[in-house]
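Numbering (UniProt numbering), first residue to last: 1 to 236.
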Amino acid sequence: MSSHQRKMPLYVQIKNKMIHNVNEEIWPPGESIPSESQLMAQYNVSRTTIRQAVRDLVQAGILETRRGAPTKVRQQPQENMENPGVIHHELGEEMAVKILRAENRLPHYFAKSQLHISEDEEVYVLERLRLADQKPIAFQQLFMPKDIGEKVHDKAEVDFDLFPHLGRYNIHYSTIKENVSASNATRYEADLLGITPGEALIDIERITLGMDQQPIEYSRTKYLPASFHYRIEIGS
């Protein structure tokens, strides 16, 4: 078991077991899950632990509750959902991906700290170019725990969004945290993107959390400003 799975709080362990029941359709969509008392007996934990696990799954859109009715299973969330209110738009007609590097490595200690991986463990490293109409518009460095990265390795040159493929392995995200800023292109980035070192780039830093609230991806993607729009909509 890798370090990102170790030392989980008890309610997270119970939540993961519940997620397993949903994914394997032991608890089918639309059906009621066992009662609170039954879950306490089944997992030998307190009422507080069960309630916290259920509350997190309701917030994640996996379970649903209504006053006076039993808790039920909802459909699994769609893996291609955008962040609510956030719209990414890449400019181009023919989009493609070019892999520069895809391997397991020991360095990259900052990325490991973001993924809660110990320094002596390898991390999956993926470096890619995003192409629009055969021209580079973005450079991405993406890091995942080794066991997760190996599951998407074969799809990394086909799709820029890898999470639909992780969904096939019952690995789903609950939260995406993005930080958008400006940065100046390094010489390496400039050579890849066909620009002059020091030119401005849109820098998107992202951490993605799984259903157990443990990080499953950390990435930095740097776009040419003329090739990317980022819009936030608040309210209806």
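C-beta: ideal position from N, C-alpha, C; glycine also.
Your pair L142 and E217 checks out as a contact, with CB atoms roughly 7 Å apart and the cut at 8 Å. In this model, Y109 and N170 are separated by some 27 Å (Cα to Cα). Beyond the five residues adjoining it in sequence on each side, V54 comes within less than 7 Å, by CB distance, of L63 and T71 in the same chain, given in chain order. The criterion of a C-beta distance shorter than 8 Å is not satisfied by L126 and L192. The beta carbon of M95 sits closer than 8 Å to the beta carbons of R130, L131, A132 and F160 from its chain, once the five residues preceding and following it are set aside; these are given in chain order. Rounded to whole angstroms, the separation of the alpha carbons of T186 and T48 is 50 Å.
Taking every protein chain shown into account, the CB of D56 has 16 or more other CB atoms within 10 angstroms, so this residue is buried. Counting along the chain, the unbroken alpha helix (DSSP H) around T49 starts and ends at R47 to Q59. Fewer than three beta-carbon pairs drawn from the segment 109-122 and the segment 174-188 are found closer than 8 Å, and the two stretches are therefore not classed as touching. Taking Y223 as reference, the option from K151, V152 and Q140 with the minimal CA-CA separation is Q140. The beta carbons of I99 and P145 sit no closer together than 8 Å. From the listed residues G167, E189 and G194, the smallest Cα separation to N23 is found for G167. Bounds of the alpha helix (DSSP H) holding G167 are F163 to G167.
Looking from the CA of M40, the closest CA among P107, R220, Q52 and T65 belongs to Q52.
Counting only runs of 4 or more residues that sit fully inside the segment 99-175, the alpha helix (DSSP H) segments are 109-115, 146-152 and 163-167, in chain order. In this structure, the CA atom of T208 is about 25 Å from the CA atom of P29.
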